[in-house]
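What follows is a set of notes on a single structure, which appears directly below.
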Amino acid sequence: MRDPAGTRSHPSGLPPSGSATRCIGWGRQAEMKFPHDYPYSPPSFRFLTKMWHPNIYDSGDVCISILHPPVDDPRSGELASERWNPTQSVRYG
């Protein structure tokens, strides 16, 4: 989406591309970052609070199919349809 001046703008209700949003809830803190080409590329999500979960790396980065770029990768075991696509969105609350 571009404004009349030609700069990139963001849809109403979403943070500007490239920005980070911090969430606090359930006693945990997390950060979501939106790439400059959002919604064509997925946001990244990581927990700032240390925890153990099979889908959370030591760095706090979350590893789930829906947050992976929509490329074919036969070694991943994921179908491209399980990955991010631009029709998906992010909402809080």
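Under the UniProt record's numbering, think of the first position of the sequence shown as 1, with each following residue one higher.
We treat Cβ as the ideally placed atom computed from N, Cα and C, and that holds for glycine.
| request: In angstroms with no decimal places, state the Cα-to-Cα distance between residue 61 and residue 83. | output: Position 61 of the sequence shown holds residue 61. Position 83 of the sequence shown holds residue 83. Going by the C-alpha atoms only, they are around 16 Å apart.
| message | Can you look up residue 65 in the DSSP assignment and give me helix, strand or coil? | response | As a first step, residue 65 must be located in the sequence shown, where it is residue number 65. Three-state result, residue 65: helix.
| Residue environment, residue 6, which counts as buried when at least 16 other CB atoms sit within 10 Å | In the sequence shown, counting from the first residue as 1, residue 6 sits at position 6. For residue 6, the predicted structure reports a pLDDT of 40, less than 50, and the residue's modelled location is therefore unreliable. A value from the coordinates is still provided. Exposed.
| Among 52, 71, 45, which has the Cα closest to the Cα of residue 63? | On the sequence shown, residue 63 is found 63 positions in, with the first residue counted as 1. Residue 45 is the option with its Cα nearest to residue 63.
| said: Three Cβ pairs or more, each shorter than 8 Å: is that satisfied between the stretch 71 to 87 and the stretch 38 to 55? | reply: yes
| said: In this structure, how does DSSP classify residue 31 when only helix, strand and coil are distinguished? | reply: Taking the sequence shown and counting its residues from 1, one reaches residue 31 at position 31. Strand at residue 31.
| said: Here's the rule: buried if 16 or more other CB atoms are within 10 angstroms of the residue's CB, otherwise exposed. What is residue 42? | reply: Your numbering for residue 42 matches position 42 in the sequence shown. Result: buried.
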